[in-house]
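Residue numbers (my numbering): -19 to 109. Every residue, glycine too, gets a C-beta built ideally from N, C-alpha and C. Working notes, beginning with the structure itself.
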């Protein structure tokens, strides 16, 4: 079974680079160019994980994460915040918004693959609370 990943980023080049790396690693990729489209794709495609740019038009990534976490059916879907605006306090703010992990751009595609693999494994084998 191929794992489905949503890549939500308003930068076409970023989406393409990440998509190519994910597809080469046998992931199924769904893409969104803004937060509104990301919410639509989450509802219709039900990805296993979301790679979420925090600075997107229409609905920003902060709001996307918040809305996803408000939906009980999506509470275990990992969200990795992915941003070019890595400022002090942003990682904590992203986690408070509902993101499970935080990465700053630019980053190596291999690093993205490693983080995604970690969260897919984590979701498949959650540790008891």
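Cβ pair residue 32, residue 41 closer than 8 Å = yes
Determine the DSSP secondary structure at residue 30, reduced to helix, strand or coil.
-> strand
Please report the Cβ distance between residue 149 and residue 78, rounded to the nearest whole angstrom; I am assuming they are in contact, meaning their Cβ atoms lie under 8 Å.
-> Residue coverage of the chain in this structure runs from -19 to 109, which leaves residue 149 outside it and unanswerable.
Would you mind listing the beta strand (DSSP E) stretches within the stretch 6 to 52 that are 3+ residues and don't spill past its ends, in chain order?
-> 8 to 12, 29 to 33
Going by other Cβ atoms of all chains shown within 10 Å of its Cβ, with 16 needed for buried, is residue 69 buried or exposed?
-> exposed
Enumerate in chain order the residues of its own chain whose CB-to-CB distance from residue 85 is below 6 Å, with the five nearest sequence positions on each side excluded.
-> 64
What's the call for residue 101, buried or exposed, on a 16-neighbour Cβ count within 10 Å?
-> exposed
Rounded straight-line distance, which links the Cα of residue 1 to that of residue 17 = 22 Å
With a 10 Å radius around its C-beta and 16 neighbouring C-beta atoms as the bar for buried, classify residue 74 as buried or exposed.
-> buried
Taking 8 Å as the cut-off, decide whether the C-beta atoms of residue 81 and residue 104 are in contact.
-> no
Measure the C-alpha to C-alpha separation of residue 34 and residue 83 and round it to an integer number of angstroms.
-> 10 Å
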